[in-house]
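The structure appears below as structure tokens.
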Amino acid sequence: VLVDPEFGLPSLEKKKKSGLLLTLETSPYGSFNPDDIPELYNNSAYGKAWPFSGEGTAAAKILLWYNPRSKNAEIKQQLIQELYEKSQSTHTPFLLEILLHPLEEKFRSGEEAVKLQLETVQTFANQCDVLKLEAPALPSEPLDIPLFEKRCEEITQYMHKYSGEQTTPWILLTHGTAYERFLLALQLAMKHGASGFAAGRAVWKEFAEFPTEEEQFKFIRTVARNRMEKLIEIVG
Numbered sequence: 398v399l400v401d402p403e404f405g406l407p408s409l410e411k412k413k414k415s416g417l418l419l420t421l422e423t424s425p426y427g428s429f430n431p432d433d434i435p436e437l438y439n440n441s442a443y444g445k446a447w448p449f450s451g452e453g454t455a456a457a458k459i460l461l462w463y464n465p466r467s468k469n470a471e472i473k474q475q476l477i478q479e480l481y482e483k484s485q486s487t488h489t490p491f492l493l494e495i496l497l498h499p500l501e502e503k504f505r506s507g508e509e510a511v512k513l514q515l516e517t518v519q520t521f522a523n524q525c526d527v528l529k530l531e532a533p534a535l536p537s538e539p540l541d542i543p544l545f546e547k548r549c550e551e552i553t554q555y556m557h558k559y560s561g562e563q564t565t566p567w568i569l570l571t572h573g574t575a576y577e578r579f580l581l582a583l584q585l586a587m588k589h590g591a592s593g594f595a596a597g598r599a600v601w602k603e604f605a606e607f608p609t610e611e612e613q614f615k616f617i618r619t620v621a622r623n624r625m626e627k628l629i630e631i632v633g
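Below you can see the structure in the form of structure tokens.
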């Protein structure tokens with residue numbers, strides 16, 4: 398479960414040693430440019446729970462918008478390297494989430510996006526403990542199963558090749574994908590080298606559509622819970 402020092406930090410007292418991730422970057426509530434360098438919370442925001450304090454409170458996680466061709470790509474690489482070195486020095490697991498962004502309005506094709514994704518894997522495979530990746534297909538594309546499986550195989554091969562002595566696991570993120578599409582994508586990815594998933598909106602995004610609190614919680618306790626259980630069943 399991902400928490401931040403603005404709203405979720407008190408949960409650490411109730412969920413000690415239960416799989417919590419502390420986010421390192423602040424949320425851009427105003428104007429947002431994906432090429433910008435992420436702004437990080439400072440140590441005082443976390444207090445004793447700062448994930449690099451060595452106290453083992455939680456793992457650390459950062460979301461990085463990235464394009465290997467962008468003007469800030471090298472600066473972002475240096476940032477991740479520094480954070481990973483900090484995490485290693487304090488035995489803190491470090492999860493890196495990569496969201497690719499086009500330099501123009503959108504990617505011209507899925508092949509273009511996947512090529513950039515593989516370059517990104519090559520760069521960061523040995524700079525984290527878990528690499529969290531988007532499905533290797535544009536959301537606007539129909540899910541071509543043989544092509545999707547081939548792309549997952551390529552990601553796994555790159556992870557083996559560029560991780561170093563111990564292969565870094567990669568997991569699939571939802572990025573707002575519809576649940577049924579994500580379910581299929583996860584099934585395929587797990588068959589071709591993925592190690593798990595990180596799910597949010599694909600599980601619960603209809604929550605706000607219900608007009609009453611009673612209906613909202615019924616949705617969470619039934620539909621959302623069933624979805625999560627199916628996803629967990631896939632990863633075994």
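Just add 397 to wherever you are in the sequence shown, counting from 1, and you've got my numbering. We treat Cβ as the ideally placed atom computed from N, Cα and C, and that holds for glycine. Predicted model only: the values in this text are computed from it and were never measured.
Contact check, L460 vs L496, beta carbons under 8 Å:
As a first step, residue 460 must be located in the sequence shown, where it is residue number 63. As a first step, residue 496 must be located in the sequence shown, where it is residue number 99. Yes, they are a contact pair.
Straight-line CA distance for G633 to W567?
Taking the first residue of the sequence shown as position 1, residue 633 is located at position 236. Taking the first residue of the sequence shown as position 1, residue 567 is located at position 170. So the two alpha carbons sit approximately 16 Å from each other.
Quick check: the Cα distance between R548 and P533, rounded to an integer number of angstroms?
As a position in the sequence shown, residue 548 is number 151, starting the count at 1. As a position in the sequence shown, residue 533 is number 136, starting the count at 1. Each residue's Cα considered, the two are about 6 Å apart.
Is it buried or exposed for N464, if we count other Cβ within 10 angstroms and need 16 for buried?
Here residue 464 corresponds to residue number 67 of the sequence shown, with the count starting at 1. That one is buried.
Can you round the beta-carbon distance between F545 and A582 to whole angstroms, since I take them to be within the 8 Å contact cut?
Position 148 of the sequence shown, counted from the first residue, corresponds to residue 545. Position 185 of the sequence shown, counted from the first residue, corresponds to residue 582. Sure, about 7 Å apart at Cβ, within 8 Å.
Can you tell me whether F579 is helix, strand or coil according to DSSP?
Along the sequence shown, one-based indexing puts residue 579 at 182. F579 falls in the helix class under three-state DSSP.
Need the endpoints of the beta strand (DSSP E) that Y463 sits in, please.
Locating residue 463 in the sequence shown gives position 66, counting from the first residue. Run containing Y463: 456–463, per the beta strand (DSSP E) assignment.
How many angstroms separate the CA atom of L493 from the CA atom of E550?
Here the question's residue 493 lines up with position 96 in the sequence shown. Here the question's residue 550 lines up with position 153 in the sequence shown. When rounded, the distance between both Cα atoms is 20 Å.
Can you give the Cα-Cα distance for L535 and A510, rounded to whole angstroms?
Numbered from its first residue, the sequence shown carries residue 535 at position 138. Numbered from its first residue, the sequence shown carries residue 510 at position 113. Taking the straight line joining both Cα atoms gives about 8 Å.
When you compare only the Cα positions, how much space is there between D433 and N469?
Counted from its first residue, the sequence shown places residue 433 at position 36. Counted from its first residue, the sequence shown places residue 469 at position 72. Roughly 7 Å separates the two Cα atoms.
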